[in-house]
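Since the structure comes first, as structure tokens, the remarks are kept for the end.
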Ligand code: KMH
Ligand code: ZN
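Residue numbers (this note's numbering): 46 to 355.
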């Protein structure tokens, strides 16, 4: 009898793309981030991908002190895999971005596979009023900002985190990023099974067309054969259509308010858990089951939630 495959849901609960004025439901404080992550896990997310924010202004904050209060609470109240960002925000230095993962030694860290433009400024067209001074320039100045991930930066993140047996959510925003992963695998700096998070629809990366998704999958199949787990995230309104395509062709999915504020056309999602429920119903209505956190740990060969430093 063939085993039915299980689908891993990752939920990225707050991120650094959206700003507080865009949605009252975007988690900002440590308590809100913890509640959002736990709610997402209860709804079916096996992994939660976390960033931190300044509780007063909502600005992305990559200090380990900003992560500590919610990491502990999530761990106490849920068995989900906690994935800490090394992307932080494109305004931060790579050294700053690496600090939380170097300190907390999580099961999974995100890893961005190339330097790129990361255009947030089109969101200014729909957002006219801002509560905090930092928000408008953060979006506007993204037309002249590089999200820096050089070969040296990637090697530094890989070696620091691998020494802690942290594995990676390998974020690939374009086909070239898959070749960069192949390069690091050939150098022995990253080991299979690779957890490839293909990102579609960021301005500066590959687009969200179904042909783009197929091209990414075909290329990953050719470069990594059976040595990878594939997941997708579609930015904004592309979230669910791209998730559905991924599930149909053998992949896993990522949802969450980090990448999309929406739960249907023009309808703000009221929580991260709502988006998890939406994608879970697609998976289950397609006749598949979701992976539990421990099943995801086995699929991704993670070290275990008791081997982290928080
Ligand atoms: N929001 C994603 C498109 C990271 O945290 O390392 C980018 C991201 C980067 O998740
Ligand atoms: Zn992120």
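All C-beta atoms, glycine included, are put in the ideal place defined by N, C-alpha and C.
Closest Cα partner of residue i within the set the options
i: residue 180; options: 48, 105, 281 and 330; result: 105
i: residue 217; options: 197, 204, 240 and 346; result: 240
i: residue 262; options: 248, 278, 75 and 57; result: 278
i: residue 93; options: 344, 102, 324 and 123; result: 123
i: residue 60; options: 346, 300 and 342; result: 300
i: residue 233; options: 203, 259, 243 and 164; result: 203
i: residue 194; options: 164, 185, 187 and 157; result: 157
i: residue 213; options: 260, 143, 271 and 162; result: 143
i: residue 170; options: 191, 67, 259 and 350; result: 67
i: residue 287; options: 259, 313 and 274; result: 259
i: residue 198; options: 229, 223 and 189; result: 229
Proximity test, residue i beta-carbon vs ligand 1 heavy atom, cut-off 8 Å
i: residue 218; result: yes
i: residue 244; result: yes
i: residue 130; result: yes
i: residue 304; result: yes
Residue range of the beta strand (DSSP E) that includes residue i
i: residue 154; result: 153–157
i: residue 346; result: Unbroken run through residue 346: none, as it is neither H nor E.
i: residue 212; result: 212–217
i: residue 57; result: 54–57
i: residue 274; result: 273–279
i: residue 126; result: 126–129
i: residue 95; result: 92–95
Backbone CA spacing between residue i and residue j [nearest angstrom]
i: residue 236; j: residue 226; result: 10 Å
i: residue 206; j: residue 326; result: 34 Å
i: residue 231; j: residue 172; result: 45 Å
i: residue 315; j: residue 200; result: 38 Å
i: residue 384; j: residue 280; result: With the chain covering 46 to 355 only, the question about residue 384 has no answer from this structure.
i: residue 176; j: residue 310; result: 25 Å
i: residue 131; j: residue 48; result: 34 Å
i: residue 256; j: residue 264; result: 12 Å
i: residue 306; j: residue 246; result: 14 Å
i: residue 103; j: residue 355; result: 23 Å
i: residue 329; j: residue 88; result: 13 Å
i: residue 51; j: residue 352; result: 25 Å
i: residue 70; j: residue 272; result: 37 Å
Check whether residue i and residue j have beta carbons under 9 Å apart
i: residue 57; j: residue 95; result: yes
i: residue 150; j: residue 211; result: yes
i: residue 136; j: residue 183; result: yes
i: residue 53; j: residue 335; result: yes
Boundaries of the alpha helix (DSSP H) in which residue i is found, first to last residue
i: residue 84; result: 75–88
i: residue 290; result: 284–293
i: residue 327; result: 317–330
i: residue 242; result: Not the alpha helix (DSSP H): residue 242 falls in the beta strand (DSSP E), residues 239–245.
i: residue 267; result: 255–269
i: residue 302; result: Unbroken run through residue 302: none, as it is neither H nor E.
i: residue 221; result: 220–231
i: residue 111; result: 109–122
i: residue 200; result: 196–207
Heavy atom of ligand 2 within 8 Å of residue i beta-carbon
i: residue 57; result: yes
i: residue 187; result: no
i: residue 155; result: yes
i: residue 96; result: yes
i: residue 61; result: yes
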